[in-house]
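These notes are about the structure you will find just below.
Numbering (my numbering), first residue to last: 27 to 242.
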């Protein structure tokens, strides 16, 4: 079926998206000869300017604990020793868009690397310098990546992603849909679900002709 694709709405600094990272990677690989993958950044806390308060830390720590228990993904809880951290997800989202502009096929694995750096290694993915370092580790040319990251066109494309998610009524991340512009799209999941709860239903959905209904 022509032009079939997944559209994945996510934010690199969304902990449930981090938990879902191995799942979306497995689905993208398992269906790569049948469906492409379009990655749309969600802007979970884009533009936030307020430093985290203790109650914010407590809320996020509880969320990380739940994600770790449900998914097995590692977290470095020394993050919560930081003082004055501003949880702005726009730079991390823009980093993924920069990767998408440079090497589209690496956008998803680069988002996973950003997530690993932030959640498992306690690296500051709000700082352009640290993001560029992670990009270099992932195989991008550091100077080219930094230029692309800072370019006005990349900022604009990032905000277009945010608007796309808002216009489609996406209210939670991760959200995954599948289909095509011609046939329409079916919801695969809104929120984390393990691979074993998605792969077989998706195979049945595909075998049935990819109808526009819930696919997961």
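We put the beta carbon where it would ideally sit given N, CA and C, even for glycine.
Under the three-state reduction of DSSP, residue 148 is assigned to coil, being neither helix nor strand.
Short of 8 Å from the beta carbon of residue 151, and not among the five residues preceding or following it, lie these beta carbons of its own chain, in chain order: 38, 39, 117, 118, 121, 140, 143, 144, 157 and 160.
About 5 Å separates the CB atoms of residue 115 and residue 70; that is less than 8 Å, so the two are in contact. Assignment of residue 99 by DSSP, reduced to helix, strand and coil, places it in the coil class.
If you look at residue 56, you'll find it in the alpha helix (DSSP H) that goes 41–56. Residue environment: residue 46 is assigned as buried (16 or more neighbouring CB atoms within 10 Å of its CB, all protein chains considered). Look at residue 140 here: in three-state DSSP terms it is helix.
Between the alpha carbons of residue 154 and residue 75 lies a distance of about 16 Å. Across the set 60, 137 and 79, the C-alpha of 60 shows the shortest separation from the C-alpha of residue 228. Within the same chain, Cβ atoms closer than 8 Å to the Cβ of residue 168 are found at 158, 159, 161 and 162, the five residues on either side in sequence being excluded.
Judged by DSSP secondary structure, residue 172 falls within the alpha helix (DSSP H) whose first and last residues are 168–176. From the listed residues 107, 90 and 57, the smallest Cα separation to residue 233 is found for 57.
Under the Cβ criterion (8 Å, minimum of three pairs), the region 168–183 counts as touching the region 122–141. Here DSSP, grouped into helix, strand and coil, assigns residue 216 to strand. Setting aside the 5 residues that flank it on each side, residue 199 is surrounded in the same chain by 35, 36, 37, 40, 42, 43, 68 and 70, each with a C-beta closer than 7 Å to its C-beta; the list follows chain order.
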